[in-house]
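Trainee:
Number of protein chains: 2
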Amino acid sequence: MVHAAWLPPEAFRSVGSRHTVVHGDGPLVDTVLAELRAATGRHGGTVRHGGEAGAAPLDLVLALSATPLPPSPQSQVAARVRAEAGSTGAEGFVLARRDGITVLLADTPAGLLYGLFQLARLGEPAFTGHRPAEHHRPALHRRIVNDWDNVDVHPVMGQVERGYAGGSIVWRDGVQRTDLSRVAGYARLLASCGINGLAVNNVNVHAGEAHLLTDRLGEVEAVAGLLRPYGIRIHLSVNFASPVRLGGLPTADPLDERVRDWWAHTTRRVYQTIPDFGGYLVKADSEGQPGPFAYGRTHADGANMLADALAPFGGVVHWRAFVYNHHQDWRDRGTDRARAAYDHFVPLDGEFRDNAVLQVKHGPLDFQTREPVSPVIAAMPRTRVAVELQATQEYTGQQRHVCYLAPMWRTVLGFQPWGEGGPTVARVAAGDAGPAGPAGTGGGGLVCVSNVGDDPYWTGHPLAQANLYAFGRLTWDPTLDPAAILDEWIELTFQPDDTADPQTLRRTLHELMDSSWQTYEQYTAPLGVGFMVRPGHHYGPDVDGYEYSPWGTYHFADRDGIGVDRTRATGTGYTGQYPAPWSDIYESLGTCPDELLLFFHHVPYQHVLHSGRTVIQHIYDTHFAGARRTEQMRELWRDLPAGLVDPALYARVGERLDEQVRSAHEWRDQINTYFLRKSGIPDAHGRRIF
Amino acid sequence: MVHAAWLPPEAFRSVGSRHTVVHGDGPLVDTVLAELRAATGRHGGTVRHGGEAGAAPLDLVLALSATPLPPSPQSQVAARVRAEAGSTGAEGFVLARRDGITVLLADTPAGLLYGLFQLARLGEPAFTGHRPAEHHRPALHRRIVNDWDNVDVHPVMGQVERGYAGGSIVWRDGVQRTDLSRVAGYARLLASCGINGLAVNNVNVHAGEAHLLTDRLGEVEAVAGLLRPYGIRIHLSVNFASPVRLGGLPTADPLDERVRDWWAHTTRRVYQTIPDFGGYLVKADSEGQPGPFAYGRTHADGANMLADALAPFGGVVHWRAFVYNHHQDWRDRGTDRARAAYDHFVPLDGEFRDNAVLQVKHGPLDFQTREPVSPVIAAMPRTRVAVELQATQEYTGQQRHVCYLAPMWRTVLGFQPWGEGGPTVARVAAGDAGPAGPAGTGGGGLVCVSNVGDDPYWTGHPLAQANLYAFGRLTWDPTLDPAAILDEWIELTFQPDDTADPQTLRRTLHELMDSSWQTYEQYTAPLGVGFMVRPGHHYGPDVDGYEYSPWGTYHFADRDGIGVDRTRATGTGYTGQYPAPWSDIYESLGTCPDELLLFFHHVPYQHVLHSGRTVIQHIYDTHFAGARRTEQMRELWRDLPAGLVDPALYARVGERLDEQVRSAHEWRDQINTYFLRKSGIPDAHGRRIF
């Protein structure tokens, strides 16, 4: 059994019960037709490809903008919509309903495909009443998922690095799976929420995975063939040292002609095999991966070398900005890991090729539950910047805890680095506030580390599916309301029309998920200080776990206070990496938001927050509240009337909630005990702290 | 290249240059003859087996007590010694020199073998002047080494569990090595310092290792055949669930007849294959290993079942007392892991068979640098108790740090649980203060976890060889002075007669090693509090690493003080497990020894020690001093004149000293910073704390 995620057959009930005609041709039109044939076959409708109107009345017309329409009454409706709507743009579509006909128009086959999934989302309302022409087009051109799959099982990281949903759906035991049907299903899920790119392997490119670029390219080709029908281009993580490791060259120096020739030759071969190959993804000089520093070259030198190799074929290199010293000495208070990406990359602004994208994690550290937005995003006006998010819940409960991430992502994407009224992070990524790329191909885009594995529910925790879905939807429209996205996901996934009490299920899921990120934040590391997780696997609390480590992630708690002084006045100067007004807002205790206080300031436990509580009382209160909230979440699930969801899914969610409750209480007690022992300040409410 | 450890060819120079006759027969006499032939072949002496005196003058006579001596002048000397000396006891020997003849007599061939190695230790002085008859006999009958070797490489623990010297010398890649010559060399090294038993595999018996008992018994037989010529009996760690896992039975209940029959049958087969098999070693109901608790039986039930199976063949079961709850909740202050072995086993005193030995770790926790002696040792007068020591430096620097353990072991073995003048721990283990076993076969004996692997120097750190040597010597005489043992080891290993400046090497090694345990203690966990190591691998500092873990090893440091209250008055009552006077000495702050203060008491940082310093100042002072001392140790080694030791060994020790210096400074800084942050009390001497 593989769970259908948000595309169960019932999701196409409305579409599939209609009489539909499709005008246009192309591989993606074939995909649309295949989807429609499957849906109508199941739900009693019909579908025709072009031609005149038949006997049956038509409900739905899908048409490419350039395809001539036959002179039927339905076509006249479609033609009127076409005339009024104008161009849909690449990948966009127009949806309208008039005179009893629903019309879906697009300039490209991809637009028709995305429109089809929009019809599934709308369900019956797409086929009732009047709908004025609605333009849909993706806010971002580059909407990419990064899988961190290994070919081999890594002794520490497993087969999917930071994977919490089983093994890879592509590889097993070091070889490609013979049955890749789940990859096809994955592609369909991704396309249905708007994704158009997939980097298929881990950014940490180990020995086995390096060969995907050359002698194991056939495996990439096989996956590409399954993504292509859903409009998804494949990308490949490559090892910067490939010319040495695979090519037998004595160097990987990006300015060495032999190296450049090797990449040019190798890339040409990739495109001969996969003509729509998307490009490379590179983690260089980071956490042990090789990079240009070894040759005294800059990261622009490294990225540009690959960009030059890709340019003749329209490919793009995504170069990760996640570069920092992971052998830091905790005794060295002068080094601030949060500064690293900015310090490394901002001086290179303007030096990157048009087809080089700098891929920046949304926060300056590493996908913590709460971080400020990375200052790099606002600091490189002449560089195409992609923003990287993480659906795999490395630091947010590892798909054992409910943690709906869309509210966090929405906060990030809506952040205005230059202050109120200025461009948002999403607009930077879209190229609306920075370089848009050659011929307006968009900015760097949005990227998300996938949370999928070979688990029957795809994501371990069934409710974690919503994160992947939400990411896709936010790439189309970063202004969407997370609760509205969740509504879509609930409707599609659970098809509550079938249930006895759809409102109860919907309400329960919203209560469980809407504020689950805030709940998770409540019972884990407080006030933006980050980490406090068990080293290595990153699950569960360990307040000092990284405090004396080489990883640069410290909280500096002592008997008097806690937090990292990143001010210009007395700290690491990190606040100076932001433009005004944030550089000042974060700098001042008077204006720094509570939720980021300890990220920016070292304060006494008795410091009073804007909320009116002291830091120490905030810690106690939020940890009691967060743990208590997980009990309520479990009760909500237990109280769900039988039959509203599949019993197996019900049981799986229930088990995970048990673990979340256990873990949240462990977090509560470790954190509270740690700070009671250190501060000596009792809880104002006299609750039990061990 | 495999290093010869303490038996280089030169160790037999004096013996090998003599003219020797051996009177007596038996397999171990053959070993003695082979040793003598190799030595004389190299160093110019001669050796004859029995018969009349030849032409050459004789220097050395070895004779079994019962072997008739020929009527030569040398034999007359030997006969006079024999008449005066009387019985040597099993494994003992008598050594004398008179009228220019050195005489070595023994009742058993094993005695001759041990005597031969004593001659090597003595060197030239064995052959000069007059030596009155000296009786040597082992204080303990059971002198056993436990190897924690796995057949397969364990994903976390490696091939040798807690092994810091490479892989197993017995197995590789899941199968037995074809070349077992290092096992033969290991047997010779062990015999030369007095060991007579070896448990060949890890007490954690995983799936592969379990089969050594049955279908892979041939591998045990092969090792036994290499140990036998050196008087060492093989023991086997077995899995308590073997009747289920190997025998296909539905239960491993020790009172079930089918289970008892299976063990009887299986054990019979073991003895058919290995007639001198020593017995079983069992870790049951401990850290995930199966045991009798699953069937509602006691550990006496479990041990006795195996004892009954072994009894017909003279075998002994070693049953480990290392039983505790390793899923403890850190919030549960009522549970004290230190109490566990006593609470589990003392009620069973008197219920164990004569051929069941309870094997007790020397301290109540787990081989920490400083622990009190386990109260179990003094609490089971009707049980044969073996004391388990650990040469593998799990918590004492992992053979990267110099840490000569004989001073710690000497302290343990000389401890008098019933107060001054009473029996020592060594006497309990020898059966002089408890059951001696059937027919006076001795108490439970001494056991040591080995520190050997397939490293060319056997022990990773070349100087760690001295620990294995010292353990063997202490089993013969637990009252030996650690410095004197070290002297022996230096003489044998480095043969300083050959060096230009033997005193410099000897002095340097003593300066490096004599106080190295105290030095290690100085820079690690203070005042007996224990742990503070990185979880999992146990190397390097992590003050809170186990503080919120399920392992039951906590220090309870808060802003005011630190330590575990194990008193009867206000704590866990653990002090009550000791007989007087220790139950009172440990109970009272006024009498508790400084070095164990935090093991027994929770005290404020400002508590004044007997030394006159406060606890906090003691922490700072010892950590600065310990780290500084490692620098001095490195200087001592660097200052060693070239040529005194082999360059490769010199380099290996030098590298390890570099790491020791680095690690000791890391310990110093983490511990000092942790306690400065927590206590807020500055160092009285204003030294730098980060």
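For the protein sequence lines, the chains are A and B, in the order given.
Using the working numbering, read the first sequence as starting at 69 and increasing by one per residue.
Using the working numbering, read the second sequence as starting at 69 and increasing by one per residue.
The beta carbon of each residue, even a glycine, is placed where N, CA and C say it ideally should be.
This one's a predicted model, so the numbers in the text were calculated from it and none came from an experiment.
1. From A:M701, A:D422 and A:Q563, pick the residue whose C-alpha is nearest to that of A:E53; which is it?
2. Could you please give the first and the last residue of the uninterrupted alpha helix (DSSP H) stretch that includes A:E277?
3. Which stretch, first to last residue, makes up the beta strand (DSSP E) that contains A:L304?
4. Below 9 Å between beta carbons is the criterion; list the residues of the segment 619 to 644 of chain B that meet it against any residue of chain A, in chain order.
5. Does the Cβ of A:E462 have 16 or more other Cβ atoms within 10 Å, making it buried, or fewer, making it exposed?
6. Taking all protein chains shown into account, decide if B:G521 is buried (16 or more other Cβ within 10 angstroms of its Cβ) or exposed.
7. Under three-state DSSP, which class holds B:G629?
8. If we call anything under 8 Å between Cβ atoms a contact, is A:W526 one with A:A73?
9. Please list, in chain order, all residues of the same chain as B:T464 whose beta carbon is under 7 Å from its beta carbon, the five residues on each side excluded.
10. Around the Cβ of A:A534, are there at least 16 other Cβ atoms within 10 angstroms (buried) or fewer (exposed)?
11. Where does A:H469 sit, in a helix, a strand or coil, going by DSSP?
12. Is the beta carbon of A:L677 sitting closer than 8 Å to the one on A:H686?
13. So is A:D434 in contact with chain B if we call contact Cβ pairs under 8 Å?
14. Tell me the start and end of each unbroken alpha helix (DSSP H) in the segment 195 to 276 of chain B that is at least 4 residues and wholly inside, in chain order.
15. Tell me the start and end of each unbroken beta strand (DSSP E) in the segment 128 to 180 of chain A that is at least 3 residues and wholly inside, in chain order.
16. Anyone know if the C-beta pair for B:R268 and B:V238 falls short of 8 Å?
17. For A:R759, which residues in the same chain have their Cβ closer than 6 Å to its Cβ, ignoring the five residues on either side in sequence?
18. Examine chain A for any beta-carbon lying closer than 8 Å to the beta-carbon of B:R116, and answer yes or no.
19. Looking at A:T572: is its Cβ nearer than 8 Å to the Cβ of A:L712?
20. I'd like to know whether the C-beta of B:V396 is nearer than 8 Å to at least one C-beta of chain A.
21. Is it buried or exposed, A:H198, if we count other Cβ atoms within 10 angstroms and call 16 or more buried?
22. Is there a C-beta anywhere in chain A that falls below 8 Å from the one on B:K746?
23. Can the beta-carbon of B:T460 be found less than 8 Å from the beta-carbon of B:F420?
24. The alpha helix (DSSP H) spanning B:V288 covers which residue range?
25. If the criterion is Cβ atoms closer than 8 Å, does the pair A:F668 and A:T635 meet it?
26. Leaving out five residues before and five after A:G644 in sequence, what residues of the same chain have Cβ atoms less than 7 Å from its Cβ?
27. Residue ranges of each beta strand (DSSP E) run of no fewer than 3 residues wholly in the segment 486 to 574 of chain B, ordered along the chain?
28. Does DSSP classify B:K746 as helix, strand or coil?
29. Name the chain B residues whose beta carbon is nearer than 9 Å to that of A:D67?
30. Assign A:R675 to one of two classes, buried (16 or more other C-beta atoms within 10 Å of its C-beta) or exposed (fewer than that).
31. How big is the Cα-Cα spacing for B:Y673 and B:G629?
32. Per DSSP, A:A454 forms a beta bridge with which residues?
33. Starting from B:V414, find everything on chain A with Cβ-Cβ shorter than 9 Å and list it in chain order.
34. Which word fits A:P594, buried or exposed, when buried means at least 16 other C-beta atoms lie within 10 angstroms of its C-beta?
35. Closer than 8 Å is the cut-off here; do at least three beta carbon pairs connect the segment 178 to 187 of chain B with the segment 140 to 154 of chain B?
36. At a CB-CB cut-off below 9 Å, which residues of chain A make contact with B:D612?
Mentor: So, from the data block:
1. With chain A covering 69 to 758 only, the question about residue 53 of chain A has no answer from this structure.
2. A275 to A278
3. R301 to S305
4. F624, A625, D626, R627 and D628
5. buried
6. buried
7. strand
8. yes
9. T437, C471, L473 and Y588
10. buried
11. coil
12. yes
13. no
14. 249 to 261
15. 128 to 132, 161 to 166 and 169 to 174
16. As written in the sequence, residue 268 of chain B is Val, which differs from the Arg given in the question. Going by C-beta atoms, B:V268 is nearer than 8 Å to B:V238.
17. Residue 759 of chain A lies beyond the residue range present for chain A, which begins at 69 and ends at 758; the question has no answer from this structure.
18. no
19. yes
20. One point to set straight first is that residue 396 of chain B is Gln, not Val, in the sequence displayed. Taking Cβ atoms only, chain A never reaches closer than 8 Å to B:Q396, which makes this a no.
21. exposed
22. yes
23. no
24. L285 to L295
25. yes
26. R636 and S651
27. 513 to 517
28. helix
29. Residue 67 of chain A lies beyond the range of chain A shown here (69 to 758); nothing can be said about it.
30. Inspection of the sequence shows that residue 675 of chain A is occupied by His rather than by Arg. Burial call: buried.
31. 5 Å
32. A:Q427 and A:G513
33. None at all; the shortest Cβ gap to chain A is about 30 Å.
34. buried
35. no
36. D610, V611, D612, G613, E615 and Y742
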